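Undergrad: Residue numbers (our numbering): 9 to 164. Every residue, glycine too, gets a C-beta built ideally from N, C-alpha and C. Quantities reported herein were computed from a predicted structural model and do not represent experimental measurements.
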(Lines of atoms letter the chains of each structure in order from A and count residues from 1; the text may use other names and numbers.)
(Lines give C-alpha, C1' and ligand atoms only; values in the text may rest on other atoms or scores of the structure.)
Protein backbone atom coordinates (compact mmCIF):
# COMPACT_ATOMS: atom_id res chain seq x y z
CA UNK A 1 0.00 0.00 0.00
CA UNK A 2 2.89 2.36 0.73
CA UNK A 3 4.41 1.93 -2.75
CA UNK A 4 1.16 2.85 -4.52
CA UNK A 5 0.77 5.93 -2.31
CA UNK A 6 4.33 7.03 -3.18
CA UNK A 7 3.62 6.46 -6.86
CA UNK A 8 0.43 8.56 -6.65
CA UNK A 9 2.31 11.42 -4.99
CA UNK A 10 5.08 11.25 -7.62
CA UNK A 11 2.53 11.31 -10.47
CA UNK A 12 0.74 14.25 -8.80
CA UNK A 13 3.99 16.22 -8.51
CA UNK A 14 4.83 15.42 -12.14
CA UNK A 15 1.41 16.66 -13.33
CA UNK A 16 1.69 19.84 -11.21
CA UNK A 17 5.14 20.61 -12.68
CA UNK A 18 3.77 20.00 -16.19
CA UNK A 19 0.86 22.40 -15.62
CA UNK A 20 3.23 25.04 -14.21
CA UNK A 21 5.49 24.69 -17.28
CA UNK A 22 2.50 25.15 -19.61
CA UNK A 23 1.44 28.24 -17.65
CA UNK A 24 4.92 29.77 -17.97
CA UNK A 25 4.93 29.00 -21.71
CA UNK A 26 1.48 30.59 -22.17
CA UNK A 27 2.56 33.75 -20.33
CA UNK A 28 5.73 34.07 -22.45
CA UNK A 29 3.91 33.53 -25.75
CA UNK A 30 1.16 36.03 -24.91
CA UNK A 31 3.63 38.80 -23.92
CA UNK A 32 2.03 39.22 -20.49
CA UNK A 33 5.49 39.31 -18.89
CA UNK A 34 6.24 42.71 -20.42
CA UNK A 35 8.85 45.25 -19.53
CA UNK A 36 9.51 46.69 -16.13
CA UNK A 37 6.87 49.14 -14.97
CA UNK A 38 9.39 51.99 -14.61
CA UNK A 39 8.93 55.39 -16.18
CA UNK A 40 7.85 55.43 -19.81
CA UNK A 41 6.70 57.87 -22.46
CA UNK A 42 3.99 57.43 -25.08
CA UNK A 43 4.40 57.99 -28.82
CA UNK A 44 2.15 57.36 -31.82
CA UNK A 45 2.50 56.25 -35.44
CA UNK A 46 -0.04 55.93 -38.27
CA UNK A 47 -0.02 52.92 -40.58
CA UNK A 48 -2.03 52.03 -43.70
CA UNK A 49 -2.22 48.38 -42.59
CA UNK A 50 -1.26 46.75 -39.28
CA UNK A 51 -2.36 43.22 -40.22
CA UNK A 52 -1.80 41.01 -37.15
CA UNK A 53 -0.38 43.65 -34.79
CA UNK A 54 -1.97 43.54 -31.32
CA UNK A 55 -1.85 45.47 -28.11
CA UNK A 56 1.06 44.26 -25.97
CA UNK A 57 3.12 43.59 -29.13
CA UNK A 58 6.79 44.45 -28.76
CA UNK A 59 8.42 47.68 -29.92
CA UNK A 60 12.08 47.10 -30.75
CA UNK A 61 15.17 49.04 -31.75
CA UNK A 62 17.96 46.94 -33.30
CA UNK A 63 16.15 43.80 -32.12
CA UNK A 64 16.04 44.93 -28.48
CA UNK A 65 12.58 45.32 -26.94
CA UNK A 66 12.24 48.92 -25.76
CA UNK A 67 8.48 49.19 -25.34
CA UNK A 68 5.01 47.82 -26.01
CA UNK A 69 1.97 48.68 -28.11
CA UNK A 70 -0.70 49.98 -25.70
CA UNK A 71 -3.56 51.02 -27.97
CA UNK A 72 -4.71 50.57 -31.56
CA UNK A 73 -7.47 52.65 -33.11
CA UNK A 74 -8.60 53.98 -36.50
CA UNK A 75 -8.33 57.66 -37.45
CA UNK A 76 -11.89 58.63 -38.50
CA UNK A 77 -10.61 61.11 -41.10
CA UNK A 78 -7.73 59.29 -42.83
CA UNK A 79 -8.88 55.73 -41.97
CA UNK A 80 -5.33 54.84 -41.01
CA UNK A 81 -4.50 52.67 -38.02
CA UNK A 82 -3.22 54.77 -35.12
CA UNK A 83 -0.83 52.81 -32.92
CA UNK A 84 0.12 54.13 -29.48
CA UNK A 85 3.31 52.78 -27.95
CA UNK A 86 5.03 53.21 -24.63
CA UNK A 87 8.81 53.40 -24.70
CA UNK A 88 10.98 52.79 -21.65
CA UNK A 89 12.51 56.09 -20.48
CA UNK A 90 16.00 54.60 -20.58
CA UNK A 91 15.61 54.91 -24.37
CA UNK A 92 14.82 58.62 -24.28
CA UNK A 93 17.26 59.71 -27.00
CA UNK A 94 15.46 58.30 -30.05
CA UNK A 95 15.72 60.90 -32.86
CA UNK A 96 12.48 62.54 -34.04
CA UNK A 97 13.13 61.55 -37.67
CA UNK A 98 13.12 57.84 -36.82
CA UNK A 99 10.94 55.49 -38.85
CA UNK A 100 8.68 52.64 -37.70
CA UNK A 101 7.80 49.45 -39.54
CA UNK A 102 5.72 46.40 -38.75
CA UNK A 103 7.68 43.15 -38.98
CA UNK A 104 7.13 39.46 -38.28
CA UNK A 105 9.20 37.59 -35.70
CA UNK A 106 9.62 33.92 -35.04
CA UNK A 107 7.90 30.83 -36.31
CA UNK A 108 4.49 31.78 -34.96
CA UNK A 109 4.46 34.96 -37.02
CA UNK A 110 4.18 37.34 -34.07
CA UNK A 111 4.11 40.95 -35.29
CA UNK A 112 6.16 43.72 -33.69
CA UNK A 113 7.09 47.32 -34.42
CA UNK A 114 10.70 47.98 -35.34
CA UNK A 115 12.00 51.51 -34.95
CA UNK A 116 14.91 52.59 -37.16
CA UNK A 117 16.64 55.58 -35.53
CA UNK A 118 17.20 58.66 -37.67
CA UNK A 119 19.90 61.28 -37.32
CA UNK A 120 18.10 64.39 -36.06
CA UNK A 121 19.49 66.22 -33.01
CA UNK A 122 16.00 66.38 -31.40
CA UNK A 123 14.48 63.39 -29.63
CA UNK A 124 11.04 61.78 -29.36
CA UNK A 125 9.15 62.75 -26.21
CA UNK A 126 5.72 62.25 -24.65
CA UNK A 127 3.06 62.62 -27.35
CA UNK A 128 5.45 62.60 -30.33
CA UNK A 129 4.29 61.14 -33.64
CA UNK A 130 6.54 59.04 -35.89
CA UNK A 131 5.81 60.27 -39.42
CA UNK A 132 7.80 57.74 -41.48
CA UNK A 133 6.07 54.36 -41.30
CA UNK A 134 6.07 51.11 -43.23
CA UNK A 135 2.91 49.03 -43.00
CA UNK A 136 2.71 45.30 -42.49
CA UNK A 137 3.26 43.10 -45.52
CA UNK A 138 0.05 41.21 -46.24
CA UNK A 139 0.92 37.77 -47.59
CA UNK A 140 -2.45 37.37 -49.33
CA UNK A 141 -1.84 40.54 -51.40
CA UNK A 142 1.61 39.35 -52.42
CA UNK A 143 0.27 35.97 -53.51
CA UNK A 144 -2.58 37.53 -55.51
CA UNK A 145 -0.16 39.95 -57.21
CA UNK A 146 2.11 37.05 -58.09
CA UNK A 147 -0.76 34.97 -59.48
CA UNK A 148 -2.15 37.94 -61.40
CA UNK A 149 1.25 38.71 -62.93
CA UNK A 150 1.67 35.03 -63.89
CA UNK A 151 -1.72 34.94 -65.62
CA UNK A 152 -0.79 38.10 -67.57
CA UNK A 153 2.53 36.51 -68.62
CA UNK A 154 0.68 33.40 -69.86
CA UNK A 155 -1.56 35.54 -72.11
CA UNK A 156 1.43 37.08 -73.92
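(1) What would DSSP say about residue 149, mapped onto helix, strand or coil?
(2) Taking Cβ positions, are residue 58 and residue 75 nearer each other than 8 angstroms?
(3) Flag this pair as yes or no: are the beta carbons of residue 123 and residue 108 separated by less than 8 angstroms?
(4) Go through its chain and collect everything with a Cβ distance to residue 83's Cβ below 6 angstroms, but skip five positions before and after it.
(5) Out of 155, 111 and 48, state which residue places its alpha-carbon closest to the alpha-carbon of residue 71.
(6) Report all residues from its chain with a CB closer than 7 angstroms to the CB of residue 134; omit the five preceding and five following residues, and keep chain order.
(7) Cβ atoms of residue 141 and residue 54: under 8 angstroms apart, would you say?
(8) Who are the Cβ neighbours of residue 81 in its own chain at under 7 angstroms, not counting the five residues just before and after it?
(9) Let me know the secondary structure DSSP gives residue 75 once reduced to three states.
TA: Well, looking at it:
(1) helix
(2) no
(3) yes
(4) 90
(5) 111
(6) 49 and 50
(7) yes
(8) 90
(9) strand
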